[in-house]
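The sequence shown maps to residues 242 to 491 in this note's numbering. From the three backbone atoms N, C-alpha and C, an ideal C-beta is built for every residue, glycine too. What follows is one structure encoded as C-alpha cells, with my remarks underneath.
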Amino acid sequence: MGSNDETPAEAPVHEVEIARPFQMGVTEVSVRQFRAFDPTFENGVYDKHYKDQVNRGYAMDDERFPAIRVSWDRAREFCRWLSAKLGKTVRLPTEEEWEWACRAGSATPFSYGKLGADFAPYENLADASLVALAVSGVGPKPMQNPSPLYDYELRERSVNDGVLHLARVGSYRPNAWGLHDMHGNVAEWTASAWTADYRSAPADDTLKVVRGGSWYRRPERATSSWRWRYRKDMPPFDVGFRVVVEEARP
C-alpha cells in the first residue's frame with residue numbers, strides 16, 4: 242500500500258492486512274440509488290465559466306450519474322439505511338480496502354498502467370474535453386480556440402475521454418476485478434480518518450480520507466495510492482462514494 246514516488250502523504254510503502262473478506266459496489270452509488278434513500282436529492286449543476294449567468298450551468302442530475310455533493314456524514318446515513326434494508330452490514334470502505342480493490346493485483350500507479358498511459362478507455366479524468374468549459378455568447382456556447390483567459394483548467398490535453406463532466410456510472414472499462422471508475426468520474430469517501438502520512442496517527446476524526454480522482458482532476462491526482470481529505474461535513478462537488486458489504490462470519 243502507498244507510494245514512495247508520488248507525494249509525502251502516500252509514503253512509505255508498507256504492507257497491510259485485510260482482516261475480513263468484503264464485497265464492493267461495482268460502481269459508485271448513483272443518483273437513482275441515492276434517491277431511493279432521499280427522494281429530494283439533487284446533484285445540482287456545474288457552473289459555466291462565464292460572467293453572464295443566463296442559466297444555472299451544466300445539469301448533473303441524470304439518474305445514472307454518480308451521486309455528488311454528499312457529505313461523509315450523509316454517506317454514512319445511506320449505509321445505515323441500506324444495512325437495515327438488506328439485513329447486512331453496509332459501510333464505507335477503509336482506505337486499505339479501497340486501495341486493495343483499486344489496484345486489483347497491479348503494482349503500477351493505475352490498474353491499467355503507468356502515468357502517461359491513455360486513460361480514455363478506462364476512466365473519466367480531466368482531459369481535452371474541458372476546453373468546452375470556456376464559453377461565450379448570450380446563450381453561452383464553447384469557444385473556438387479560446388485564450389488562456391478563459392481556457393485555464395488544468396488537464397491532460399493529449400487525451401479525450403469523450404465526456405465533459407460526469408459520466409454515467411460504469412461507462413468505462415472495469416479493472417481486473419470488475420470494478421468501474423476507481424480512478425476517475427468522482428473521487429470517493431472512505432471510512433478512514435486522515436493522517437499526514439503512514440507514519441502518523443490521526444489528529445482527530447474531523448477529516449476523512451478521499452481516494453481516487455474525478456472528471457476534474459488530472460491523472461497524477463488519480464493514482465491507486467493518491468489520497469486527499471475533506472471535513473466530513475463537507476459536500477464536495479466532485480466526490481461521491483461506493484459501499485462495501487461485510488461478509489458474514491462463519
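Out of the options, which has the shortest C-alpha to C-alpha gap to residue i?
i: Asn296; options: Val379, Gly243, Pro253; result: Val379
i: Leu405; options: Arg273, Phe275, Ser455, Pro477; result: Ser455
i: Lys326; options: Glu304, Phe278, Gly357, Leu366; result: Phe278
i: Val311; options: Val451, Val331, Ala489; result: Val451
i: Glu256; options: Glu340, His290, Phe275, Thr330; result: Glu340
i: Glu488; options: Lys355, Arg440, Met242, Met265; result: Met265
i: Lys355; options: Gly298, Pro389, Asp246; result: Asp246
i: His290; options: Gly298, Leu395, Glu283; result: Gly298
i: Leu420; options: Asp392, Ala345, Leu407; result: Ala345
i: Gln274; options: Arg409, Ser244, Asp474; result: Arg409
i: Pro262; options: Thr330, Glu283, Pro307; result: Thr330
i: Met301; options: Ser347, Val286, Asp438; result: Val286
i: Gly243; options: Phe478, Ala348, Pro381, Gln385; result: Ala348
i: Arg315; options: Tyr457, Asn386, Phe282; result: Phe282
i: Ser412; options: Asp303, Glu364, Pro280; result: Glu364
i: Leu276; options: Glu304, Ser388, Asn386; result: Reading off the sequence shown, one finds Arg at residue 276, where the question assumed Leu. Minimum Cα distance to Arg276 is reached at Glu304.
Using three-state DSSP, classify residue i as helix, strand or coil.
i: Trp339; result: helix
i: Val272; result: helix
i: Trp313; result: helix
i: Ser352; result: coil
i: Arg468; result: strand
i: Ala369; result: helix
i: Trp515; result: Shown here, the chain extends from 242 to 491; a query on residue 515 therefore has no answer.
i: Glu247; result: coil
i: Trp430; result: strand
i: Phe482; result: coil
i: Lys449; result: strand
i: Lys329; result: coil
i: Glu487; result: strand
i: Glu397; result: strand
i: Pro334; result: coil
Assign residue i to buried or exposed, taking buried as 16 or more other Cβ atoms, counted over all protein chains shown, within 10 Å of its Cβ.
i: Thr464; result: buried
i: Asn493; result: Any question about residue 493 goes unanswered here, given that the chain covers just 242 to 491.
i: Pro350; result: buried
i: Glu258; result: exposed
i: Asp474; result: exposed
i: Arg462; result: buried
i: Tyr393; result: exposed
Anyone know if the C-beta pair for residue i and residue j falls short of 8 Å?
i: Gly481; j: Ile309; result: yes
i: Pro460; j: Leu366; result: yes
i: Ala383; j: Val372; result: The displayed chain sequence assigns Pro, not Ala, to residue 383. Cβ atoms of Pro383 and Val372: closer than 8 Å.
i: Thr431; j: Pro334; result: yes
i: Asp422; j: Ala361; result: no
i: Val484; j: Glu338; result: no
i: Arg414; j: Thr447; result: no
i: Ser441; j: Glu336; result: no
i: Leu407; j: Pro307; result: yes
i: Val270; j: Asn284; result: no
i: Arg396; j: Ala369; result: yes
i: Asp438; j: Tyr457; result: no
> Taking contact to mean at least 3 C-beta pairs separated by less than 8 Å, is the region 319–338 in contact with the region 420–428?
Replying inline: No: fewer than three Cβ pairs fall under 8 Å.
> Should the region 467–474 be regarded as contacting the region 242–259, the criterion being three or more beta carbon pairs within less than 8 Å?
Replying inline: yes
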